[in-house]
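Those protein sequences? They're chains A, L, U and X, same order as listed. For the first sequence, the working numbering gives the first residue as 220, with consecutive numbering after it. For the second sequence, the working numbering gives the first residue as 220, with consecutive numbering after it. For the third sequence, the working numbering gives the first residue as 220, with consecutive numbering after it. For the fourth sequence, the working numbering gives the first residue as 220, with consecutive numbering after it. Note that CB positions come from ideal geometry on N, CA and C, so glycine has one too. Single-structure report; data block below.
4 protein chains.
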Amino acid sequence: MAASHAPARDGRILRAERIRAERRKQVLDCARRVFAERGYHETSIDDLIRDAAIARGTFYLYFPSKRALFEELLDTFLVELRSAIRPIEVDGPVPPPVVQLQENVLRLLASLEDHRHMTRILLREAAGLDDEFDRKLRDFYDQLHGLIKGGLELGISMGLIRPCDPDIVGRCVLGSIREVVASVILPPQGDAGRLPTTPRDVLAREIVSYLVWGTFRPG
Amino acid sequence: MAASHAPARDGRILRAERIRAERRKQVLDCARRVFAERGYHETSIDDLIRDAAIARGTFYLYFPSKRALFEELLDTFLVELRSAIRPIEVDGPVPPPVVQLQENVLRLLASLEDHRHMTRILLREAAGLDDEFDRKLRDFYDQLHGLIKGGLELGISMGLIRPCDPDIVGRCVLGSIREVVASVILPPQGDAGRLPTTPRDVLAREIVSYLVWGTFRPG
Amino acid sequence: MAASHAPARDGRILRAERIRAERRKQVLDCARRVFAERGYHETSIDDLIRDAAIARGTFYLYFPSKRALFEELLDTFLVELRSAIRPIEVDGPVPPPVVQLQENVLRLLASLEDHRHMTRILLREAAGLDDEFDRKLRDFYDQLHGLIKGGLELGISMGLIRPCDPDIVGRCVLGSIREVVASVILPPQGDAGRLPTTPRDVLAREIVSYLVWGTFRPG
Amino acid sequence: MAASHAPARDGRILRAERIRAERRKQVLDCARRVFAERGYHETSIDDLIRDAAIARGTFYLYFPSKRALFEELLDTFLVELRSAIRPIEVDGPVPPPVVQLQENVLRLLASLEDHRHMTRILLREAAGLDDEFDRKLRDFYDQLHGLIKGGLELGISMGLIRPCDPDIVGRCVLGSIREVVASVILPPQGDAGRLPTTPRDVLAREIVSYLVWGTFRPG
DNA sequence: CATGAATGAGTCTTCATTCAT
DNA sequence: TATGAATGAAGACTCATTCAT
Chain A
220 MAASHAPARD GRILRAERIR AERRKQVLDC ARRVFAERGY HETSIDDLIR
270 DAAIARGTFY LYFPSKRALF EELLDTFLVE LRSAIRPIEV DGPVPPPVVQ
320 LQENVLRLLA SLEDHRHMTR ILLREAAGLD DEFDRKLRDF YDQLHGLIKG
370 GLELGISMGL IRPCDPDIVG RCVLGSIREV VASVILPPQG DAGRLPTTPR
420 DVLAREIVSY LVWGTFRPG
Chain L
220 MAASHAPARD GRILRAERIR AERRKQVLDC ARRVFAERGY HETSIDDLIR
270 DAAIARGTFY LYFPSKRALF EELLDTFLVE LRSAIRPIEV DGPVPPPVVQ
320 LQENVLRLLA SLEDHRHMTR ILLREAAGLD DEFDRKLRDF YDQLHGLIKG
370 GLELGISMGL IRPCDPDIVG RCVLGSIREV VASVILPPQG DAGRLPTTPR
420 DVLAREIVSY LVWGTFRPG
Chain U
220 MAASHAPARD GRILRAERIR AERRKQVLDC ARRVFAERGY HETSIDDLIR
270 DAAIARGTFY LYFPSKRALF EELLDTFLVE LRSAIRPIEV DGPVPPPVVQ
320 LQENVLRLLA SLEDHRHMTR ILLREAAGLD DEFDRKLRDF YDQLHGLIKG
370 GLELGISMGL IRPCDPDIVG RCVLGSIREV VASVILPPQG DAGRLPTTPR
420 DVLAREIVSY LVWGTFRPG
Chain X
220 MAASHAPARD GRILRAERIR AERRKQVLDC ARRVFAERGY HETSIDDLIR
270 DAAIARGTFY LYFPSKRALF EELLDTFLVE LRSAIRPIEV DGPVPPPVVQ
320 LQENVLRLLA SLEDHRHMTR ILLREAAGLD DEFDRKLRDF YDQLHGLIKG
370 GLELGISMGL IRPCDPDIVG RCVLGSIREV VASVILPPQG DAGRLPTTPR
420 DVLAREIVSY LVWGTFRPG
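Next up, the structure:
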């Protein structure tokens, strides 16, 4: 007899969980926007709940603290970003390295544009958030740097890349991409951005050309 | 009678002003260090006055607010940095452009190392301090970008630089330098820095080589 | 028609009421334990419903407030305790007063041990819970005091009790019992109690001896 | 020259310290009263600063937290109380033990009356304040109990005290005193107390008589 | 009846700034 | 000029209670 109610109860519970998840997501979405606009430190719980149109207590029903909410936002985003980047392969029937590089940059740009708010946060809050957050960001950039550096070392050993210090040049490559993204994403005070209309593929092409050829015109 | 005292009074006043200026400088020096260590937001007035060994009220005698002090620090530093960069000249008996570029990078690195604390702050607090500060930083980077972009455009018109989008590539150049500096200056958790021993001129040579030649090995 | 259903409905209603009463009792039992463990103020509604395994709203279906539940717990316990104490009689075929006294103490100790949780609460939360609760506790102790005082006055008039201030000595008697109980019931930090193994009748005998003879060894 | 200012500066600093100490004391005095009236848990920082007529921040200038302030109050009081109690001596030209006992009780009553507010708190907040506070109170009572118990054991061995369980009877003695004090100090709702006019020495005499002789009238 | 999501008043604490001495 | 005590607005977080489902 109790069993006859089980499905109904399960259904209700599942529904409740779905609703709960939606609510969480809604709060997360609002928070993302508010953090992007005001910055982590400048954003108070008050700002968050006003924007999400929930009560003070409701916030703490879904997140144990402002910090935890931000951490979730950051973690999710970093995972998303990492998934956009794939190590360059040289064995088997794969596109040439430069093409793979360009695809990586393109995927990265796409991912960043898809998450403009978080990108904005990532670029604004370079450091100084919190020891833990700082470490996470540094780890993320170090991973990127490690991938690039590895690619360069491989390229050098294969004679594709000119001899250079992979560590330093790896930083240069990382910085090139980062700065272009920042100029596109960080809007000068409510403006739509400096290069708002530059299509993503043009950006990617220019970046990669620069990474590969530098600026000098030979001949 | 008043006249007879004037020189003495002037002397006293001048002396007082000198003392006052020294005191200011001392506080600014301390603040620079503390801000670099703890970050702008984490630094309280308490931290500042404790480090400078002055009383609370004294602080406000010299600076109207924590914000204003930081602004002064930032302004001074940005002026200093700007002075390290000289537009590349092509007319007259001047070194070749690449050499001028390298000299610029070298001067910049020297200046940044001379002011490690402020450099640290500049890189930590990428943005999100304050709307006004954000604008200043953006203006600074925009100026750098403008100089680089101008140089690229000139180079392109002279056939020295390969045809490219000077705006985007200008961002890349800026980002390359910025990222390398960050990796040198921002210590990974109390460490002395990732590339602590790399001499300044090696850094400059690697950066410039990259800016000029990119990563590809032709032939 | 209505009449023909009446007994069935009554039965259903009665059954429902019984279930309701059982549920109430279950919640009360849990609450008693939780209050005894954590104290009234430290115990949150959350603690109560988690322990009773009921939902938040359900709690308020049975009790109008945390305060009201505690009040019920307290009232029930005080009634129970009062029933353990019987005025000492001197007329008729009754045991001698000292024996009656000892029986009272014994019944009191038994009752307190039967309701260790509430005893613990009663001793922990001496006062400061709430004006109303404070009054109730004071009333209870005043009743005890009144009984003892009356007994003393009677004893004095009969020449059994040495002349003394019944009010003050009444307080002494009350305090003697209270303190011994506290030392037995309030565990010193997770311990089982200071006099854990002292049998109830030994306690009662020692207490009564003290009440009667004091500490002095005559002769 | 600097030395010539030293005395003046010292004077100023000493004066400032005195003022600071006075202020602290004033806040402590107010807090004592408020805690006594409302209880520890019911008293908010708001209550404290309103009563002391200081600003919120000022409070934290003198005390790191509400808890710390209360701890100071409690510690000071417990030290004061302990100093009122002196072990009973039997060697040398000392008054008879009963007299020493009575003197102890008298000093204790005096001390408690001198600090009515803290006494009120001590009796109200029997436990449940905080694990640390609870431990302190228990330790205090355990010390008292230890002293009494030691006295009883000595008395028994000397044949002055009738054979009894010193542990249990020690609790009785402690409880007798405690309860009388409570009845005098804890006012029934704004009333001046139940035995308001009973002089301290009468109380002491009655208590000690009871401790020594019990209630029975021999003969 | 039962549920648990939502509420918001209330709590402690911090800190940039002011001002009397 | 120098001091540091005083201020109070603002912040993060808790929890008893309500109410729509």
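When DSSP assignments are scanned along the segment 246 to 284 of chain A, no uninterrupted stretch of beta strand (DSSP E) that is 3 or more residues long falls wholly within it.
A straight line joining the alpha-carbon of X:T277 with that of L:F359 spans about 42 angstroms.
Here the segment 342 to 349 of chain X makes contact with the segment 250 to 263 of chain X; the two share three or more CB pairs at distances below 8 angstroms.
Ranked by how close their Cα comes to the Cα of U:V309, the residues U:D266, U:L371, U:C383 and U:V392 have U:L371 in first place. Taking CB atoms only, U:I307 has no neighbour in chain X less than 9 angstroms away. In this structure L:F254 touches L:I340 by the C-beta definition: roughly 5 angstroms separates them, less than 8 angstroms. X:F435 has a beta carbon lying within less than 9 angstroms of a beta carbon in chain U. By the neighbour-count criterion, in which a residue is buried when 16 or more other Cβ atoms sit within 10 angstroms of its Cβ, U:P385 is buried. Scanning its chain for C-beta atoms nearer than 7 angstroms, with the 5 sequence neighbours on each side dropped, one finds around X:V399 the residues L422 and I426, in chain order. Neighbourhood of A:S263 in chain L, by CB distance below 9 angstroms: empty, with the nearest CB roughly 13 angstroms away. With a 10 Å radius around the Cβ and a threshold of 16 neighbouring Cβ atoms, X:M377 comes out exposed. In the DSSP assignment, A:C391 falls within the alpha helix (DSSP H) that extends over P385 to I404.
The continuous alpha helix (DSSP H) containing U:I426 extends over residues R419 to W432. Per the Cβ contact rule, the segment 283 to 295 of chain A is not in contact with the segment 313 to 320 of chain A (fewer than 3 Cβ pairs under 8 angstroms). Bounds of the alpha helix (DSSP H) holding U:A329 are P316 to D333. Between L:G394 and A:A303, the C-beta gap is not smaller than 9 angstroms, which leaves the two residues out of contact.
Secondary structure of L:I232 (DSSP, three-state): helix. For the C-beta of L:H260, the chain A residues within less than 7 angstroms are, from N- to C-terminus, H260 and G347.
Against chain L, the CB of A:D420 has no partner CB under 9 angstroms away; the residue lies outside that interface. Buried is the label assigned to A:V246, since at least 16 other Cβ atoms lie within 10 Å of its Cβ. DSSP places X:I307 outside both helix and strand once states are collapsed to three, so it counts as coil. Shortest Cα-Cα distance from A:Q362 to any of A:G311, A:P306 and A:V324 involves A:P306. Within chain L, the residues C391, G394 and S395 have their CB atoms less than 7 angstroms from the CB of A:S395, given in chain order. Not flagged as an interface residue toward chain L: A:I404, since no C-beta distance is shorter than 9 angstroms. DSSP places L:G374 in the uninterrupted alpha helix (DSSP H) bounded by D350 to M377. U:I426 reaches chain X at I387 and C391, counting residues in chain order whose Cβ is nearer than 8 angstroms.
Ranking A:T434, A:R397 and A:I367 by CA distance to the CA of A:V388 puts A:I367 first. Straight-line spacing of the CA atoms in U:Y279 and U:I264 works out to 10 angstroms. Between X:I380 and U:R436, the C-beta spacing is below 9 angstroms. Residues of chain U whose Cβ lies closer than 7 angstroms to the Cβ of X:V313 do not exist; the shortest such Cβ separation is about 18 angstroms.
If you draw a straight line from the Cα of U:M337 to the Cα of X:C391, it is about 22 angstroms long. The residue among X:P314, X:L297 and X:E344 with its C-alpha nearest the C-alpha of X:S330 is X:L297. For the segment 316 to 344 of chain U, residues whose beta-carbon sits nearer than 7 angstroms to a beta-carbon of chain X comprise L342, R343 and E344. If you compare the alpha carbons of A:L328, A:A272 and A:T434 with that of A:P418, the shortest gap goes to A:L328. Listed in chain order, the non-local C-beta contacts of X:H364 below 6 angstroms within the same chain comprise G389 and L393, local neighbours out to five positions each way being set aside. Counting other Cβ atoms within 10 Å of its Cβ, L:I396 reaches 16 or more and is therefore classed as buried.
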